[in-house]
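Everything on this sheet refers to the single structure shown next.
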Amino acid sequence: MGHWFHQNFVEPGKLPMLLALSAFVLTFAVTRLITRLIRAGKGPFRNVTPGGVHIHHVVPGVVLTVLGGFGAVASGRAGVGAGIWAVVFGVGAGLVLDEFALILHLDDVYWTEQGRQSVEVVVLTAALVGLFLAGFSPLGVNELSDDEQQGRLSIILTLVVNFAFVLIALFKGKVRMAVLGALIPFVALVGAVRLARPASPWAKRFYGNRHRARSRAVLRAYHHDVRWAGPRRKFQDLIGGTPDRAPLPDRKP
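317 is the number that the numbering used here gives to position 88 of the sequence shown; each next residue is one higher, with no gaps.
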């Protein structure tokens, strides 16, 4: 076990990234636990409100991320310092992305439906870093043979083709597939050849006068959302907690 760990993480210089990912996931899990306890009014934890101003945990997260990033650049990829700064960066990134929705909407949407975006971004980030640790390289360069890697033309063509698949998937409104496809080209290829989401730029540009294609895109998106919306919501609720229900509109007598 020790030899495997040293061969796969220490020698390739991936140990700081593994420490950063572990700190990132652990920080997110602990933060969500604490915020759930605060929301339920249990335990000793309370919101930090000096002078009546609610200090969100994204604030110390930004500070730690900046410190960890500059520290990692200064310390290099090896040594105790690199590991320490990687942990600092991972903790900061976990605090920041836990409130990604707040940054996106510039509003305290932590326990609302929009707050689910934070959970989705954290899961996607952890998955991407995990894939990179597992040996996947951006845009599939790792899939080239030794002979192909010796030729710059082969590498450039591979990058261009895979990047084109990623852009098409993104243009078709398949953001998750595009992001994952940056590491796994087959995912981007699937997203590029399938029908676009109805509200995507691709659908607006190419399906405007193609009523059949537009109808198929709407129907496929509907079936996909019906099939996966429920399990995705349960997964997000399990990780991040159930958001508050929107208040019902007042009914006029």
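The beta-carbon is built from N, C-alpha and C at its ideal position, and this holds for glycine as well.
Check, Outcome
"Residue-level contact to chain D via CB, Val455, 8 angstroms cutoff", "Among the protein chains of the structure shown there is no chain D, as only one such chain exists."
"Reduced DSSP secondary structure (H/G/I, E/B, other) of Phe299", "helix"
"Rounded separation between Gln236 and Leu357 - CA only", "21 angstroms"
"Separation of Phe415 from Val422, as counted between CA atoms", "11 angstroms"
"Distance CB(Met406)-CB(Ala417) smaller than 8 angstroms", "yes"
"Every unbroken alpha helix (DSSP H) inside the segment 275-330 [4 residues or more]", "287-304 and 309-327"
"Where the alpha helix (DSSP H) containing Ala363 begins and where it ends", "Element bounds for Ala363: n/a, residue is neither H nor E."
"Inter-stretch contact (C-beta, 8 angstroms, three-pair minimum) for the segment 299-313 and the segment 322-342", "no"
"Beta-carbon proximity check, Arg275 vs Ile267, cutoff 8 angstroms", "yes"
"Close-in-space but distant-in-sequence residues of the same chain around Gly319 (CB under 6 angstroms, 5 per side omitted)", "Ala249, Ala252 and Phe253"
"Euclidean distance between Cα positions of Val287 and Val390", "37 angstroms"
"Ser444 - DSSP class collapsed to helix/strand/coil", "helix"
"Reference Gly323, options Gly297, Thr471 and Val302, closest by Cα", "Gly297"
"Opening and closing residue of the alpha helix (DSSP H) in which Gly489 lies", "Outside the displayed span of the chain (230 to 482) sits residue 489, for which this structure offers no information."
"beta-carbon Phe361 near the ligand MG non-hydrogen atom, thresh 7 angstroms", "Inclusion of the ligand MG in the displayed structure is not the case, the ligand content being empty and no account of it being possible."
"C-alpha gap between Phe457 and Pro279, whole angstroms", "In the sequence on display, residue 457 carries Trp and not Phe. Rounded to whole angstroms, Trp457 to Pro279 spans 42 angstroms at the Cα level."
"Meets three-Cβ-pair contact criterion under 8 angstroms: the segment 458-470 and the segment 330-337", "no"
"Helix, strand or coil at Thr354 [DSSP, three-state]", "helix"
"Option in Gln346, Ile263, Ala363 and Ile332 with minimal Cα separation from Gly242", "Ala363"
"Where Tyr339 sits in the DSSP three-state scheme", "coil"
"Own chain residues within Cβ distance below 6 angstroms of Phe238, not counting five before or after", "Leu244 and Leu247"
"Between the CA atoms of Ala442 and Val351 - distance to the nearest angstrom", "34 angstroms"
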